[in-house]
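In this text, residue positions in the sequence shown follow UniProt numbering: the first is 1, and each later residue adds one.
Every residue gets a Cβ at the ideal spot worked out from N, C-alpha and C, and that includes glycine.
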Amino acid sequence: MKDFSHPNVLSLLGICLRSEGSPLVVLPYMKHGDLRNFIRNETHNPTVKDLIGFGLQVAKGMKYLASKKFVHRDLAARNCMLDEKFTVKVADFGLARDMYDKEYYSVHNKTGAKLPVKWMALESLQTQKFTTKSDVWSFGVLLWELMTRGAPPYPDVNTFDITVYLLQGRRLLQPEYCPDPLYEVMLKCWHPKAEMRPSFSELVSRISAIFSTFIGEHYVHVNATYVNVKCVAPYPSLLSSEDNADDEVDTRPASFWETS
1 MKDFSHPNVL
11 SLLGICLRSE
21 GSPLVVLPYM
31 KHGDLRNFIR
41 NETHNPTVKD
51 LIGFGLQVAK
61 GMKYLASKKF
71 VHRDLAARNC
81 MLDEKFTVKV
91 ADFGLARDMY
101 DKEYYSVHNK
111 TGAKLPVKWM
121 ALESLQTQKF
131 TTKSDVWSFG
141 VLLWELMTRG
151 APPYPDVNTF
161 DITVYLLQGR
171 RLLQPEYCPD
181 PLYEVMLKCW
191 HPKAEMRPSF
201 SELVSRISAI
211 FSTFIGEHYV
221 HVNATYVNVK
231 CVAPYPSLLS
241 SEDNADDEVD
251 TRPASFWETS
């Protein structure tokens with residue numbers, strides 16, 4: 001990562017080798033800490049425009065990493081940092097694993113690896129293989145984190161049940177203050193077929209267009225307490241009809257579920 005150079009990617013300054021103990025990684029000072037804790041802090045008062053702007057910066061950083069053929073594998077708000085100018089830096093040096101271990105990471109039965117299962121793409125949950133398109137799925141979850149001010153995804157779903165939950169076509173609900181076009185972007189990121197998901201280049205373009213619609217000071221402040229809008233699965237189930245006998249019926253406008 002020492003070769004990465006982008007305003008939205010955390011740079012590696014160096015490594016300090018000690019006579020005893022583990023090496024120390026030298027990173028730039030990030031005044032406002034990680035993005036997750038920043039947006040959850042009730043003393044901060046971000047607007048919808050601010051939150052979308054954070055997401056746009058992450059998309060730009062990931063577009064750069066994708067151009068370098070770098071697969072992140074653990075993209076989440078906790079792994080993005082904010083400097084003194086509120087510039088978002090995509091990071092991942094395993095720094096979040098110890099801090100958020102019990103809350104976010106589940107141990108894979110076969111390998112013993114700690115995996116961020118609720119941010120992982122469906123195919124990654126099934127095969128433990130990661131690609132740029134699985135990073136796109138995780139980016140959709142990160143957008144959802146932003147629009148809920150750091151709520152944990154799928155709070156009522158056990159980590160061991162998340163694969164079946166997603167196979168049934170279920171997805172995260174639309175947050176109250178999330179603009180419809182942005183939620184449509186999230187749904188595209190969570191398409192069950194990886195090849196149908198947008199690229200990070202496309203995401204930068206789409207989110208830039210949404211961001212540009214928020215002009216001047218005419219935007220809503222988002223409280224730390226929020227309410228989700230009830231909705232149902234945007235995709236047809238990938239399980240048998242018997243498995244879905246009790247599933248809810250889609251009553252949302254068709255525009256929410258378009259994936260083309």
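- Looking at the DSSP output, GLY14 shares a beta bridge with VAL26.
- Residue environment for SER124: buried (at least 16 other C-beta atoms within 10 angstroms of its C-beta).
- By the Cβ-count criterion, PHE160 is exposed, with fewer than 16 other Cβ atoms from all chains shown falling within 10 Å of its own Cβ.
- For MET62, the three-state secondary structure derived from DSSP is helix.
- A distance below 8 Å between beta-carbons, with the five flanking residues on each side excluded, links ALA77 to the following residues of its chain, in chain order: ASP34, LEU35, ARG36, ILE39, LEU142, GLU145, LEU146 and GLY150.
- In this structure LEU75 is buried. Its beta-carbon is surrounded by 16 or more other beta-carbon atoms within 10 angstroms.
- The C-alpha of ALA121 lies about 36 Å from the C-alpha of GLY21.
- The stretch 57-69 and the stretch 16-30 do not touch, with fewer than three beta-carbon pairs separated by less than 8 Å.
- For LYS85, DSSP records no beta bridge to any residue.
- Taking a cut-off of 8 Å on C-beta distances, the stretch 167-183 does not touch the stretch 6-13, as fewer than three cross pairs fall below it.
- Under DSSP, GLN57 shares a beta bridge with no residue.
- A distance of 9 Å or more separates the beta carbons of VAL185 and VAL48.
- According to the DSSP secondary-structure assignment, GLN128 is paired through a beta bridge with no residue.
- Spanning the alpha carbons of LEU27 and LEU13 requires a straight line of approximately 5 Å.
- Here MET30 is buried. Its C-beta has 16 or more other C-beta atoms within 10 Å.
- Non-local C-beta neighbours of ILE15 in its own chain, meaning closer than 8 Å and more than five positions away in sequence, comprise PRO23, LEU24, VAL25 and VAL26, ordered along the chain.
- Of all alpha-carbon atoms in HIS72, LEU17, ARG197 and TYR154, the one lying nearest the alpha-carbon of ARG170 is that of TYR154.
- In the structure shown, LYS133 adopts helical secondary structure according to DSSP, grouped into three states.
- Contact check for VAL90 and THR131: beta-carbon distance about 17 Å, past the 8 Å limit, so the pair fails to qualify.
- Close CB contacts of ILE207 within its chain, under the 7 Å cut and outside five residues either way in sequence, are with ILE52, GLY55, LEU56, ALA59 and VAL185 (chain order).
- Annotated three-state conformation of LYS69 is coil, per DSSP.
- The residues PHE200, SER201 and VAL204, in chain order, have a CB closer than 7 Å to that of LYS63 in the same chain once the five nearest residues on each side in sequence are set aside.
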